[in-house]
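Just below is one structure, and these are the notes that go with it.
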Amino acid sequence: MSFSPSERVLMPSATDPVDAFVDYDAIPVASATTGPLAGLRLAVKDLYDVAGYPTGAGHPLVRQQSTIKTTSAPAVQALLDAGAAFVGKTHTDEFAYSMNGENAHYGTPINVRAPGRIPGGSSSGSAAAVSAEIVDIALGTDTGGSVRAPASYNGLIGLRPTFGRIDISDVFPLAHSFDTVGWFARDADTFARVGDVLLGPDETGAPLTRFIVGDDIHALLLGDLEEAAVRSATPRIAAHLEPAGAVIVAQEGLAAWRMIFRTIQAYEAWQAHGTWIKANNPHFGPGVRERFEWASHVADDEYASAGARRRQVRERLTALLGDDTVLAIPTTPGIAPLRGLEGEVLDSYRDRALSMLCSAGLAGLPQINLPLAEHQGCPLGVSLVAPAGRDRALIDLARRIMAG
């Protein structure tokens, strides 16, 4: 395989109208001249190591202390080897510990599909760059919703894969038992080309032929108009899958599941970064600061208890889906929130969103966001959650649904 430096290295000040990219010096990154992704422009979230660049993780002190990487993360290298042309590294919320896309140090990328509204995070820059057509594909990460929420807000296809399906080595961690590689694209065919490169073969299983609706997750939508928008997508799904009724996904309540997720995430985040935080006393922006403070107090026994309850969640979802069923749900409570919201309004929205997004993460299941609905002229995503290991079947289903 022959290689040459990419000719499409981003010059941020000149070609980044949506503030999606970190202002690193433009260092060419070699990629294959031919391959299944040849001709596609690639952006990479600044949690991934990319040869020739530091890894800043959305915080200036991490960026300052980072070495210049000599190799790229396996997920990045796989895309380069397949012919994708590297354009630049994109903004992330600090340490990926937010779903808003508002970074106290670097600002907020512009959501061109929902003007005046946040892009979502933590994969904010990646989503903004794809939505604005600066790139064709972009890598993000998803721990608690950091691909799925921005995909919903920016009108993109975005996947949280089966946990452990894609190598996440050389990626700045948040919570090791939730962190996954994810990606964005504007159209289903391009999205599937990336999946062909990153995903190995699916686990064997029956064809995906049925779908169920999660009534308790629908109940977290902000209002009747959002509900109507999401329900309008049902005929497109039903054209390819047999409706199999509605269920209550979380019998003990989605708020309880959210707390299980939050406890495990926080404990693992503090285990990963607490020593560095105590040694460096970094300045964190609103929200991230409070989450790390809370994380520092999560005890070992609380983590163990949450882990036991997590296994029950996995058993519940595995039983619901079986081999042939997908769960159809709204991805987020509504369209992207307005920029600059603070306090109780934003906290309440985050709680709703995390309650809707936590199920797939707790169970390690693949979830894909599809841009099937709109409200007030802004995108509102609909998700399909599939049995573990059925990522490629899920992407193929998404292609058929998006085609009509």
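So in the UniProt record's numbering, the last spot in the sequence shown is 404, and the numbers never skip.
Think of the CB as a built atom: it goes at the ideal place given N, C-alpha and C, for glycine as much as any other residue.
- Within the region 309-373, the complete beta strand (DSSP E) segments of 3 residues or longer fall at 325-330, listed in chain order.
- Per DSSP, the beta bridge partners of D142 are T180.
- In the DSSP assignment, the residues bridged to T90 are F21 and K45.
- Under DSSP, H375 shares a beta bridge with C378.
- The alpha carbon of Y97 has as its nearest neighbour, out of G287, A306 and A360, the alpha carbon of G287.
- Nearest neighbour of D179 by Cα position, chosen from A239, A219, R400 and A360, turns out to be A360.
- Within the DSSP secondary-structure output, N103 pairs in a beta bridge with G107.
- Take the alpha-carbon of D324 and the one of V385: they are about 11 Å apart.
- Uninterrupted beta strand (DSSP E) stretches at least 3 residues long and entirely within the region 262-315 do not occur.
- For R160, the enclosing beta strand (DSSP E) stretches over residues I157 to R160.
- The beta carbons of G195 and I395 sit about 5 Å from each other, so the pair counts as a contact at 8 Å.
- Per the coordinates, the alpha-carbon of L380 lies some 8 Å from the alpha-carbon of A229.
- I168 has its alpha-carbon roughly 15 Å from the corresponding atom of P366.
- Between L225 and P333, the C-beta spacing is not below 8 Å.
- Per the C-alpha coordinates, the member of G56, G52, A30 and I264 positioned closest to V22 is G56.
- Taking the C-beta atoms as reference points, I212 is found nearer than 8 Å to G245.
- Taking the C-beta atoms as reference points, V135 is found no nearer than 8 Å to L37.
- The beta carbons of R310 and L362 sit about 5 Å from each other, so the pair counts as a contact at 8 Å.
- The Cβ neighbour count for L338, taken over all protein chains shown within 10 Å, is under 16; the residue is labelled exposed.
- Taking 8 Å as the cut-off, the Cβ atoms of W257 and A250 count as close.
- When DSSP reads this structure, L384 sits in a beta bridge with A328 and I368.
- Around the C-beta of H91, 16 or more other C-beta atoms lie within 10 Å, and the residue is accordingly described as buried.
- Distances from the alpha-carbon of D170 to those of R41, A306 and A75 put A75 closest.
- DSSP places I401 within a helical segment (H, G or I) once states are collapsed to three.
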